[in-house]
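Protein chains in written order, with the numbering used here: chain A, 1 to 111; chain B, 1001 to 1114. To keep things clear, I will list the structure first and then write my remarks on it.
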C-alpha cells in the first residue's frame, strides 16, 4: 500500500502570512506530484504539479520537491481568507498511472 | 466550457440494487479515473482507463465495474451495492497525469446504500 502522509490540521495562519503545507510519500519511484485544493462540499481543483527537484512557482503558490527526502510541500504567500480549504497532495505510483492522495490538510486563514 | 459531468449528484439506494453513475468529459482526455472519498481516508482510486477499451484496477476495485467504450464516457457500475460503498464518488479526467498534467474532477456523486 503506497502511503501519502499529510498533517490533517487545521493549520491556522493570519491573513497575509505564509502558509506551509507538507506531504511525505513512501514510494521512491514516484515521478509526478500534484497539489489540489478542495473547498468544503466541492470537488478538488488542481493548483499545480511538480516533477523535478527544487521549487516551482505559480503566482502566490510555490511547490517544493525533494525526492531524496521524499517530501513535497506547498507554500502559499500572502494568504487570503479565500485560501481556507483542504489541500490534497497526490503522488503517482510505480506504474505511473495509479495515483495516491493524502487525506489532506485543512487550512484556515483568519482575517 | 471544459468539464467533467457526473450524474446523479445524490443517490440513495437499497442493498443489492444495481446502479450506474455516469461520467462524461468534453476535453478529449485519454485518461479517466474514478475515486471515492471517505472521511479520514482521503481519495482512493477505484479504476482508471488510459484509453478506449483499456481499463485497470486502482486500489479499491472490489464491488465496482467500469467500461470505456467511448473516449468521453466512463461509467461506474455497482452490480450489487452494499452499505460499505456509501461514499462520495468523483470521476476525473486528464490528458496525461504521468506527464505532469493534473486531473479535472467532476462535481461528485454522494451515494448512500441502505
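Backbone N, C-alpha and C fix where the C-beta goes; we use that ideal spot for every residue, glycine too.
Two segments are said to touch when three or more pairs of C-beta atoms, one from each, lie closer than 8 angstroms; by this definition the stretch 73-86 of chain A touches the stretch 8-19 of chain A.
Annotation: the stretch 1084-1112 of chain B contains the following complete segments of the beta strand (DSSP E) (minimum length 3 residues), in chain order: 1087-1094.
Considering only beta carbons, the part of the stretch 1048-1081 of chain B lying closer than 8 angstroms to chain A consists of 1048, 1050, 1056, 1058, 1059, in chain order.
Against chain B, the CB of residue 109 of chain A has no partner CB under 9 angstroms away; the residue lies outside that interface. Going by C-alpha positions, residue 1075 of chain B is about 17 angstroms away from residue 1103 of chain B. Around the Cβ of residue 52 of chain A, a 10 Å sphere holds fewer than 16 other Cβ atoms; the residue is exposed. Among the residues facing chain B, residue 45 of chain A is included, as its CB has a counterpart in that chain under 9 angstroms away. Positions of the beta strand (DSSP E) runs, each at least 3 residues long and wholly inside the stretch 1032-1089 of chain B, are given as 1042-1051, 1054-1057, 1076-1078 in order along the chain. By the Cβ neighbour-count rule, residue 1009 of chain B is exposed, with fewer than 16 other Cβ atoms within 10 Å of its own. Excluding the 5 residues flanking it on each side, residue 106 of chain A has same chain C-beta neighbours closer than 6 angstroms at 9, 10, 86, in chain order. With a threshold of 9 angstroms between beta carbons, residue 32 of chain A makes contact with chain B. Under the three-state reduction of DSSP output, residue 1008 of chain B falls in the coil class, being neither helix nor strand. Listed along chain B, the residues sitting closer than 8 angstroms to residue 103 of chain A by beta-carbon distance are 1040, 1041, 1042. Within chain B, the residues 1045, 1097 have their CB atoms less than 7 angstroms from the CB of residue 99 of chain A, given in chain order. No Cβ of chain A is located within less than 9 angstroms of the beta carbon of residue 1016 of chain B.
Under a 10 Å Cβ-count criterion, residue 102 of chain A is classified as buried, with 16 or more other Cβ atoms of the shown protein chains found around its own Cβ. Residue 1020 of chain B is a Cβ neighbour of residue 1078 of chain B, given a cutoff of 9 angstroms.
Residue-level contact by beta carbon fails for residue 1087 of chain B and chain A, as no gap is shorter than 9 angstroms. Following the DSSP letters along the chain, one finds residue 1017 of chain B in no beta strand (DSSP E), marked with neither H nor E.
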